[in-house]
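The structure appears right after this line, and notes come after that.
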Amino acid sequence: MRHAIITAGAKGLGRRVTEEFLEAGFSVTLTYRSNYEKVEDLLEQYASKKDRIHAVQADVTNKTDIEHLVNEAMSIYGRVDVLVNNAGPYIFERKKLMDYTEDEWNTMVRGNLDAVFYLLKAVVPIMRKQHYGRIINYGFQDASNAPGWVYRAAFAAAKTGLVSLTKSIAFEEAEYGITSNMVCPGKIEGDLKEAPIGKGKEIADPKTPIGRSGTGGDIARSILFLSDENADMITGTIMEVTGGVDVIHKNRQFK
Numbered sequence: 001m002r003h004a005i006i007t008a009g010a011k012g013l014g015r016r017v018t019e020e021f022l023e024a025g026f027s028v029t030l031t032y033r034s035n036y037e038k039v040e041d042l043l044e045q046y047a048s049k050k051d052r053i054h055a056v057q058a059d060v061t062n063k064t065d066i067e068h069l070v071n072e073a074m075s076i077y078g079r080v081d082v083l084v085n086n087a088g089p090y091i092f093e094r095k096k097l098m099d100y101t102e103d104e105w106n107t108m109v110r111g112n113l114d115a116v117f118y119l120l121k122a123v124v125p126i127m128r129k130q131h132y133g134r135i136i137n138y139g140f141q142d143a144s145n146a147p148g149w150v151y152r153a154a155f156a157a158a159k160t161g162l163v164s165l166t167k168s169i170a171f172e173e174a175e176y177g178i179t180s181n182m183v184c185p186g187k188i189e190g191d192l193k194e195a196p197i198g199k200g201k202e203i204a205d206p207k208t209p210i211g212r213s214g215t216g217g218d219i220a221r222s223i224l225f226l227s228d229e230n231a232d233m234i235t236g237t238i239m240e241v242t243g244g245v246d247v248i249h250k251n252r253q254f255k
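Sequential numbering of the sequence shown, starting at 1, is according to the UniProt record's numbering.
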C-alpha cells in the first residue's frame with residue numbers, strides 16, 4: 001500500500017486531497033496545527049478506513065516536529081511514497097511590502113519555503129532507499145515566471161523560490177525514481193476548498209473563463225495524477241489549475 005504525508009491535511013484544500021488519497025487506496029499521515037475537531041470529523045467520516053489515517057500535531061516550521069512527523073509515519077506504515085506540502089501561511093490583508101513587519105516576512109518565508117526544505121531533508125532519504133517518491137508543492141498562478149504580485153510580495157517571493165527548489169529537486173533526485181512537481185491553484189474560496197469537482201460545476205462563475213468555480217477536488221485530482229506510479233515522466237513541472245482565471249492582476253489597484 002502506498003503511503004502519503006499531507007501537511008495540513010484535515011481542512012481546506014488539504015482535506016480534499018486527503019479524502020481523494022484515501023478513496024484511491026492510499027494510507028495517509030496528515031498534520032494539524034491546533035484544530036483537532038477537523039481531524040475527528042475526518043476520522044468519523046472515514047471510520048471504515050481509520051487504520052489508513054494517522055494524524056500528527058505539528059508546526060511545519062519546527063524541525064523537531066517534522067522529524068517526529070516522519071518518524072511516526074515510518075513507524076506505523078514503514079514507507080513514504082508521496083509528500084504533499086499543502087501547509088503554508090498566507091496573509092489575507094492587502095498591503096505593500098514596506099508595511100510588512102519582520103515577523104510577517106519571516107512567517108511567509110519560513111512557512112512556505114523553509115518548511116519544505118526541512119520536510120525534504122527528512123523524507124527524500126527514505127524515498128531514495130525505496131527508489132521511489134512523489135513530491136508535490138503548491139504555488140500560485142504564473143509562479144514559474146516570478147511575477148510581481150501587488151500586496152502579496154512576501155508570499156510571492158517565497159513561492160517563486162519554491163518553484164526553483166521544486167525544479168532543482170526534480171533534476172537532482174530523478175536517478176532515484178523521485179519526481180517533484182508544483183500545483184498552482186486558482187480562485188477557490190470558502191467551503192469550495194473541501195468540495196468535490198461536481199459541486200463546483202453546480203456554481204456558475206462568470207469571472208472564471210471556464211464558467212464555474214474552482215474546488216479542492218480540482219486540486220486533489222491534479223495531485224493524485226502527479227502521484228501515480230506511471231507519472232514518472234512528469235517532473236519539474238509547474239501545473240496551473242486555475243480555469244483560466246487571472247488571480248494576480250484582475251483586482252490590481254494602487255493607492
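Virtual Cβ for every residue (Gly too), placed ideally from N, Cα, C.
Proximity to residue 34 across 60, 50 and 169 peaks at 60, based on C-alpha coordinates. Exclusion of the five residues before and after residue 210 leaves 243 and 244 as the residues of its chain whose Cβ lies within less than 7 Å of its Cβ.
DSSP assignment within the stretch 55 to 88 yields the following whole beta strand (DSSP E) runs of 3 residues or more, N-terminal first: 82 to 85. For residue 132, the three-state secondary structure derived from DSSP is coil. The beta-bridge partner set that DSSP reports for residue 4 consists of 28 and 82. Only residues of its own chain outside the window of five on either side were considered, and among them 89 have a CB closer than 6 Å to the CB of residue 107, listed in chain order. Taking C-alpha positions only, residue 202 is separated from residue 193 by approximately 15 Å.
Sequence-distant partners of residue 15 (beyond 5 residues in either direction) whose C-beta falls short of 6 Å from its own C-beta, in its chain, are 194. Excluding sequence positions up to five before and after residue 104, its CB lies within less than 7 Å of the CB of 91 and 154, all in the same chain and listed in chain order. Taking 8 Å as the upper bound for CB-CB distance, residue 7 and residue 31 are in contact here, some 5 Å apart. Here DSSP, grouped into helix, strand and coil, assigns residue 181 to strand.
Collapsing the DSSP output to three states places residue 241 in a strand. For residue 186, same chain residues with a beta-carbon under 7 Å away, outside a window of 5 residues either side, are 141, 214, 241, 242, 243, 245 and 247 in chain order. Taking every protein chain shown into account, the CB of residue 19 has 16 or more other CB atoms within 10 angstroms, so this residue is buried. In this structure, residue 83 sits near residue 123, with a CB-CB distance shorter than 7 Å.
In its chain, beyond the 5 residues on either side, 31, 69 and 72 have a beta carbon closer than 6 Å to the beta carbon of residue 56.
Counting along the chain, the unbroken alpha helix (DSSP H) around residue 159 starts and ends at 153 to 173. Taking C-beta atoms under 8 Å as the contact rule, residue 138 and residue 181 fail to qualify, at a distance of about 11 Å.
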